[in-house]
Amino acid sequence: MTSPTPLPGPGPQELALDLAGRTALVTGAAGGIGRACALRLAAAGA
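Residue numbers (our numbering): 2 to 47.
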């Protein structure tokens, strides 16, 4: 079994998000991917 080849370009943590004053609705934010998305959106100002 081989390791997957990483995709070129910036990783998700390196992308600049400016969501100040915007609203985001995340369902399933109690855990897992939904929680990670909600935390990232909140850190970006949503």
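No residue lacks a Cβ here, since even glycine has one placed at the ideal position from N, Cα and C. Quick caveat: nothing in here was measured; it's all calculated off a predicted structure.
For Leu42, the closest alpha carbon among the candidates Gly32, Gly29, Ala21 and Gly33 is that of Ala21. The alpha-carbon separation between Gly10 and Thr24 amounts to approximately 27 Å.
Listed in chain order, the non-local C-beta contacts of Arg36 below 6 Å within the same chain comprise Ala30, local neighbours out to five positions each way being set aside. Non-local C-beta neighbours of Gly46 in its own chain, meaning closer than 6 Å and more than five positions away in sequence, comprise Leu20 and Ala21, ordered along the chain.
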